[in-house]
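Participant:
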Amino acid sequence: MNGPNRHCIFCDLIQGAAEVSVCYEDANAMAFMDIQPVNLGHTLIVPKKHYESLKDVPRDVAMHLFDVAVTLAPVIQRASGCDDMNIVVNSGHQAGQNVFHYHVHLIPRRAEDNFDIALPFEGSTMPDRTFLDAMAARIIAGLRDPARQAAPHTTRAVRAG
Ligand code: 5GP
Ligand code: ZN
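Taken in order, the sequence shown gives residues 67 to 227; the numbers are from the working numbering.
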């Protein structure tokens, strides 16, 4: 659930309490057709257990969902007749997440479908190299920090880089 009293539509779908078109299922994951697809074949891969967003998902579950994504991607491409695809995770409100049950989007793409994840970002002012280097150094230091907390619920040790 999303907070103590918030209702989760994806938990409903997983529990069979609402109509859904499932295309993959295993012990820990399920994939189904997005109800409002960018193009037909737009698929959502979800953990069966409720985790809100990326910061909540155990590492092994996140890895498993990506493994399912890699398995499904070429099959969806063939089924939808689209050669191109976006694999997207919106994690958190500011990142555009609307359903707070973690999920991976597989979005088959067609010419002129008018969907856009426009990168490089037009609104970006290219920062000076010093800022890029400084940010890279912060991340490297973060990876080496012995006090670094693994993601919540992480079930496997994470090796610092
Ligand atoms: P988000 O913005 O959270 O990354 O994406 C949520 C996705 O869930 C949207 O693409 C939306 O169309 C899809 N969605 C929302 N409600 C339902 C539902 O009841 N059933 C299905 N199959 N998809 C849903
Ligand atoms: Zn849920």
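Glycine included, C-beta positions come from ideal geometry on N, C-alpha and C. It should be emphasised that the depicted structure is a prediction, and the values quoted were computed from it without experimental measurement.
At a threshold of 7 Å, does F76 count as lining ligand 2 (C-beta to nearest heavy atom)?
Facilitator: Yes, since a heavy atom of ligand 2 falls inside the 7 Å radius drawn around the Cβ of F76.
Participant: Quick check: the Cα distance between A84 and K114, rounded to an integer number of angstroms?
Facilitator: Rounded to whole angstroms, A84 to K114 spans 15 Å at the Cα level.
Participant: What distance in whole Å lies between the Cβ atoms of I142 and G107, which are believed to be in contact at a cut-off of 8 Å?
Facilitator: G107 to I142, Cβ: 5 Å. Contact.
Participant: Using a threshold of 7 Å, is the CB atom of H167 nearer than that to any non-hydrogen atom of ligand 2?
Facilitator: Yes, the beta carbon of H167 sits closer than 7 Å to at least one heavy atom of ligand 2.
Participant: Examine ligand 4 and report whether any of its heavy atoms sits within less than 7 Å of the Cβ of Q102.
Facilitator: In the structure on display, ligand 4 does not appear, and the ligands it does have are ligand 1 and ligand 2.
Participant: Could you pull out every residue in the same chain whose Cβ sits closer than 6 Å to the Cβ of Q102, ignoring the five residues on either side in sequence?
Facilitator: Nothing listed; no residue qualifies.
Participant: Report all residues from its chain with a CB closer than 8 Å to the CB of E118; omit the five preceding and five following residues, and keep chain order.
Facilitator: Closer than 8 Å at the Cβ level, and outside the excluded window around E118, lie N68, F166, H167 and Y168.
Participant: When we look at the beta-carbon of S87 and count the other beta-carbons within 10 Å, is it buried (16 or more) or exposed?
Facilitator: Burial call: exposed.
Participant: Comparing C-alpha positions only, which one of A145, T191 and I80 sits nearest to A97?
Facilitator: Ranking A145, T191 and I80 by Cα distance to A97 puts I80 first.
Participant: Going by beta carbon distance, what residues of the same chain come within less than 7 Å of G162, once the five residues before and after it are set aside?
Facilitator: Once the five neighbours on either side are set aside, the close Cβ partners of G162 are N156.
Participant: Does the beta-carbon of L131 have 16 or more other beta-carbons within 10 angstroms, so that it is buried, or is it exposed?
Facilitator: Looking at its Cβ environment, which holds 16 or more other Cβ atoms inside 10 Å, L131 is buried.
Participant: What are the boundary residues of the beta strand (DSSP E) that M192 is part of?
Facilitator: Counting along the chain, M192 falls outside any beta strand (DSSP E), and DSSP gives it neither H nor E.
Participant: How far does the alpha helix (DSSP H) with P140 in it extend, from its first residue to its last?
Facilitator: Counting along the chain, the alpha helix (DSSP H) containing P140 begins and ends at R125 to S146.
Participant: Could you pull out every residue in the same chain whose Cβ sits closer than 8 Å to the Cβ of P70, ignoring the five residues on either side in sequence?
Facilitator: Any reading at P70 must be qualified, since the residue scores a pLDDT of 44, below 50, and its modelled position is unreliable; no value is offered.
Participant: Can you name the start and end residues of the beta strand (DSSP E) that F237 belongs to?
Facilitator: The chain is shown from 67 up to 227; residue 237 falls before or after that span and cannot be answered.
Participant: Closest by CA to A93, which one among N180, D179, V112 and H171?
Facilitator: The shortest C-alpha separation from A93 is found at V112.
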